[in-house]
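Everything below concerns the one structure shown next.
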Amino acid sequence: MTTRHDTSTEPVSRAPTTNVGAKAAGFLLVAISLAWILNLPMLVKVPLYNEQPLACAVGLSLAVTAFLLGDRARGALRLAAYLAGCVLLAIMLTIAWRYPQLTILAVMRPLWLTLSAYAVIAGLGFLVWRYVGLPVVLIVALFSLLALFGGPFGIPETPVDRWAIYMLTDPNALLGTPVRVAVEIVIPFVLFGELLRHSGGSDFLTRISFAIFGRYRGGSAKAAVGTSALFGTITGNAVSNVVSTGIMTIPLMKRAGLSASTASAVEAAASTGGQLLPPVMGAAAFVMADYIQVPYHDVIIAAALPAALYFGAIFLQVDRLAARSDVREIDKGERMTVRAAFREGGHFALPFIVMFFVLFNLQTRPQMAAIAAIIALVLVSIVRPYRGVRLSPRVLLRVLVDTGMSVAPLLLITAAAGLIIGLISLTGLGFSIAGQAIALSGGHKIVLLILVALIAILFGMGMPTVAVYVVLATILAPALQDTGLEPMQAHLFILYFGMMSMLTPPVALASITAARIGGANMWRTSFEALKLAWVAYLVPFLFAFSPELLLGGTWHGATLAAITAFGGIAAVSMGAAGYARSELSAPMRAVYIIAGLCLMLPPALGHAVAIVNIIAAVLLIVLLATSPARGAASRQQDRSIRP
1 MTTRHDTSTE PVSRAPTTNV GAKAAGFLLV AISLAWILNL PMLVKVPLYN EQPLACAVGL
61 SLAVTAFLLG DRARGALRLA AYLAGCVLLA IMLTIAWRYP QLTILAVMRP LWLTLSAYAV
121 IAGLGFLVWR YVGLPVVLIV ALFSLLALFG GPFGIPETPV DRWAIYMLTD PNALLGTPVR
181 VAVEIVIPFV LFGELLRHSG GSDFLTRISF AIFGRYRGGS AKAAVGTSAL FGTITGNAVS
241 NVVSTGIMTI PLMKRAGLSA STASAVEAAA STGGQLLPPV MGAAAFVMAD YIQVPYHDVI
301 IAAALPAALY FGAIFLQVDR LAARSDVREI DKGERMTVRA AFREGGHFAL PFIVMFFVLF
361 NLQTRPQMAA IAAIIALVLV SIVRPYRGVR LSPRVLLRVL VDTGMSVAPL LLITAAAGLI
421 IGLISLTGLG FSIAGQAIAL SGGHKIVLLI LVALIAILFG MGMPTVAVYV VLATILAPAL
481 QDTGLEPMQA HLFILYFGMM SMLTPPVALA SITAARIGGA NMWRTSFEAL KLAWVAYLVP
541 FLFAFSPELL LGGTWHGATL AAITAFGGIA AVSMGAAGYA RSELSAPMRA VYIIAGLCLM
601 LPPALGHAVA IVNIIAAVLL IVLLATSPAR GAASRQQDRS IRP
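By our numbering, the letter at position 368 of the sequence shown is numbered 368, and the numbering carries on one by one without gaps.
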């Protein structure tokens, strides 16, 4: 069951379409990605520039999204959408075909190339507006005006034809890093996720999560968090995660006694955290690895502990919420045992084992790990079908088509992000803004971190994660590094706050999707989700001052940092929920929150801070040991995951 909503800012739905053109373009988009990854052009002795397959991919993405937009229109508007998709595809195929000569043509600025650039930029802007929202388009327009007419910081004027051709053809603009990462890395991982869904693997992940968490207090909510976390390891996309898991978990949470807004908020917060959960952390994480020139498995290692803190905090808050609302476990008739679930689908572990082996032991490119996992998944599904589900040639073809149509909007976002990068490079604005940010902060790390966080939150109110990350990583990450942060710390800091765009109104795509599934108010769902995901605002500051949380130092340093961080997060969560071993009064809630914040202060800041840590830890232990608990009978009835 998939819900299709009529909204101009919603990504392309998985709902079936009869549009043959969209299906064909989606299939070709994935085929080009796989052919490029497997280096087929060189095998048949056809050398290509990197930008040639990227231009084809962008053209196909423009065609897919235009055709699907046409399906939702009527009369002349439908015909115009179909025609625009064909024209944009033809232009990008021409650019791909003639790209070897464009280095000369770009200098000559022929009229056909200039008009083609205008058409592609206008078409891309319109489709990004319809599928993602207006803010991304406004950012591109603002930077374009600065490039065309000059502005502060000594930005020179740029002729309009040079601006247009640069945006279309330069490898630092439209056909730059974001699009390359999407085509080379994101598409194979999305293909793996689609294969897992069609082979029954997603059903297995849901069943195993229900089996593990459903037997505890608040089982429906904990199962929702667990299912979203498991799906997050393969999708890295908050909206698709909500759609895939929320249709089952949100109604179940409502039946268990949670309000519609709370149930929707739990699903939205957990699904958003999936963007932080290895091995598949979303497009922004792949772009980040390319930006800072580190292997993707290094990003996985660095993100592991912060992701554990995020989900640990959500689990804890859900448990406290269930205790206060008396939400019981899932009925035995609605869940399997863990053993039975593994007996049916335990073979789905093999593709993940293969993926991790290729990533960490062979230390190859992440896209090759995805290809290896895809091959393993196809083989195990053929040898041992799950509940009679077989990957027939027809199903495999449908998987390729679905993958292409689901990643097409992402290609639009990455193409727009490429335009922003190109404009920043063209104007030199990045260096100017970085210098101004450092001057505004007075060189103080904490002030600059707060400034960057506020800007990211502001941008996140209207832009998706990858767009927020690309803009801020380009203009503000250098400033963060100048204050002493390592590249991994600086870029993960930005990634975390960019991720919160999925929950931050008014865009809040994850919250909107969850609210519509649950029949809840979008604003109330967004604010409740932000309350559940509060730790995402805190963890970046923790690893900015305690790099051990990114597992880059000694094991004992990482262990100490993890214990103090989780202990502090647990205390703050109890205070915020108003429940520890029993109900907390308002003064005690404040004590728990303050003590938790004190416990999380990085010990590396000095001996005085370490003493504060110790005092806070002792205080919390005493409070938990001496606080009144519920009656023995109630404790026997509740089987809860204790912090």
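In this text, a Cβ means the ideal position worked out from N, Cα and C, and glycines have one as well.
Residue state for E583 is assigned as strand, using DSSP reduced to three classes. Distance between R328 and G257, taken at the CA atoms: about 9 Å. The Cβ-Cβ distance between V64 and M405 falls below 8 Å.
Following the DSSP letters along the chain, one finds K445 inside the alpha helix (DSSP H) bounded by residues 445 to 460. Distance between F213 and P393, taken at the CA atoms: about 36 Å. Within the model, the alpha-carbon separation for A164 versus Y118 is close to 6 Å.
In the assembly as shown, S271 is a buried residue. Its beta-carbon has 16 or more other beta-carbons within 10 Å. Relative to F459, the option among A473, I611, V294 whose CA is nearest is A473. Under DSSP, V389 shares a beta bridge with Y386. Distance check between F342 and each of P505, L105, F210 places F210 closest, using alpha-carbon atoms only. With the rule of 3 Cβ pairs closer than 8 Å, the segment 411 to 428 counts as touching the segment 124 to 135.
Here DSSP, grouped into helix, strand and coil, assigns G75 to coil. For H347, there is no enclosing alpha helix (DSSP H), since its DSSP letter is neither H nor E. It is roughly 7 Å from the alpha-carbon of V266 to the alpha-carbon of L532.
G151 sits in a strand when the DSSP states are folded into three classes. T465 is positioned such that its CB atom lies closer than 8 Å to that of G498. DSSP places V140 in the helix class (H, G or I) of the three-state scheme. Taking C-beta separations shorter than 7 Å and ignoring five residues to either side along the sequence, the partners of A477 in its chain run A490, H491, I494, following chain order. For A508, the three-state secondary structure derived from DSSP is coil. Between M108 and P188, the alpha-carbon positions lie close to 38 Å from each other. Around the beta carbon of I446, a 10 Å sphere encloses fewer than 16 other beta carbons of the protein chains shown; the residue is thus reported as exposed. Excluding sequence positions up to five before and after L48, its CB lies within less than 7 Å of the CB of P41, all in the same chain and listed in chain order.
Restricted to the segment 164 to 221, not a single beta strand (DSSP E) segment is unbroken, complete and at least 3 residues in length.
In the assembly as shown, T235 is a buried residue. Its beta-carbon has 16 or more other beta-carbons within 10 Å. The three-state secondary structure of A533, taken from DSSP, is coil.
DSSP places Q275 in the helix class (H, G or I) of the three-state scheme. For T158, there is no enclosing alpha helix (DSSP H), as DSSP gives it neither H nor E.
G219 places its beta carbon 8 Å or farther from that of N241. Here the alpha carbons of L551 and I353 stand approximately 22 Å from one another.
Residue range 465 to 475 is occupied by the alpha helix (DSSP H) that includes Y469. Judged by DSSP secondary structure, A322 falls within the alpha helix (DSSP H) whose first and last residues are 296 to 325. About 41 Å separates the Cβ atoms of I32 and A313, ruling out a contact at the 8 Å cut-off.
Around the beta-carbon of V299, 16 or more other beta-carbon atoms lie within 10 Å, marking it buried. In this structure the segment 397 to 411 lies against the segment 43 to 62, because at least three pairs of beta carbons, one per stretch, are closer than 8 Å.
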